[in-house]
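In terms of this note's numbering, the sequence shown has 83 at position 83, counting the first letter as 1, and numbering is strictly consecutive. A virtual CB, placed ideally from N, CA and C, is assigned to each residue, including glycine. All figures in this text were calculated on a predicted structure; none of them were measured in a lab.
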Amino acid sequence: MKNVLLVIPPGVKPSAGFHQALQQAANLGTKMIALVILDPNEMSRIANRLDSAFMGERVGDSVTQALAREQQVRAEDLLDDIAHCARKWGVEVVPLVESGDTTEVCERVIRQHEVGHAVLIAERRSWLTRLLSRSSQVQIPAFEGCEITVVEEGGDEAEGLEESMERIARESGRTAKDPDSE
């Protein structure tokens with residue numbers, strides 16, 4: 001059986017995408033590879049914005065490193081939550097935090113973990129951002145032997161992981177096991 005990959009951008013709490021990946025992994029009896037891809041240039045962009053906000057004062061490397069550590073910790077906490085919820089459904093999760101180009105990281109993870117289906121989380125953008133970026137087309141990479149699904153997440157109607165678990169239970173008629181009681 002081929003595994004299911006859930007690709008999460010930093011700062012996004014997946015709900016619908018998690019729901020879809022979890023259900024597929026549970027139905028197939030495979031592992032779910034939960035991957036958060038950190039943008040290595042994000043901290044530089046934030047530091048540059050802070051530099052301009054403080055009128056000429058440079059943001060120190062310690063601030064940039066602290067921001068990077070915070071992003072790493074948040075990603076690890078999210079993956080812990082995902083793994084905890086998935087265990088209730090008997091789905092093993094392989095948590096990964098990677099940094100780099102999304103396409104390159106995904107290609108490597110798909111090969112290494114024998115992924116047959118990938119759920120890519122796209123951050124839902126505001127109507128203004130969508131309007132301003134109409135000229136730039138987003139290219140979804142094609143990975144040989146791997147079906148890709150893109151799910152938009154974010155916004156006011158986003159539900160948490162626990163709410164997503166409750167919705168899965170209602171829709172599937174199954175009940176989740178409490179891994180802490182085992």
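{"Check": "Alpha carbon of LYS31 to alpha carbon of LYS13, nearest angstrom", "Outcome": "20 Å"}
{"Check": "Beta carbon of LEU35 nearer than 9 Å to that of VAL91", "Outcome": "no"}
{"Check": "Whole-angstrom distance between ALA16 and LEU120, CA atom to CA atom", "Outcome": "11 Å"}
{"Check": "Continuous beta strand (DSSP E) stretch holding GLU98: start and end", "Outcome": "93-99"}
{"Check": "Cut-off 6 Å between Cβ atoms - residues of its own chain near ALA25, not counting five sequence neighbours on either side", "Outcome": "VAL4, MET32, VAL91"}
{"Check": "GLU157 burial status per 10 Å Cβ neighbour count (16 or more: buried)", "Outcome": "Residue confidence is low: GLU157 scores 45 on pLDDT, short of 50, so the model does not pin down where it sits. Its coordinate-derived value is still stated next. So GLU157 counts as exposed."}
{"Check": "Beta bridge counterpart(s) of LEU38 as assigned by DSSP", "Outcome": "SER99"}
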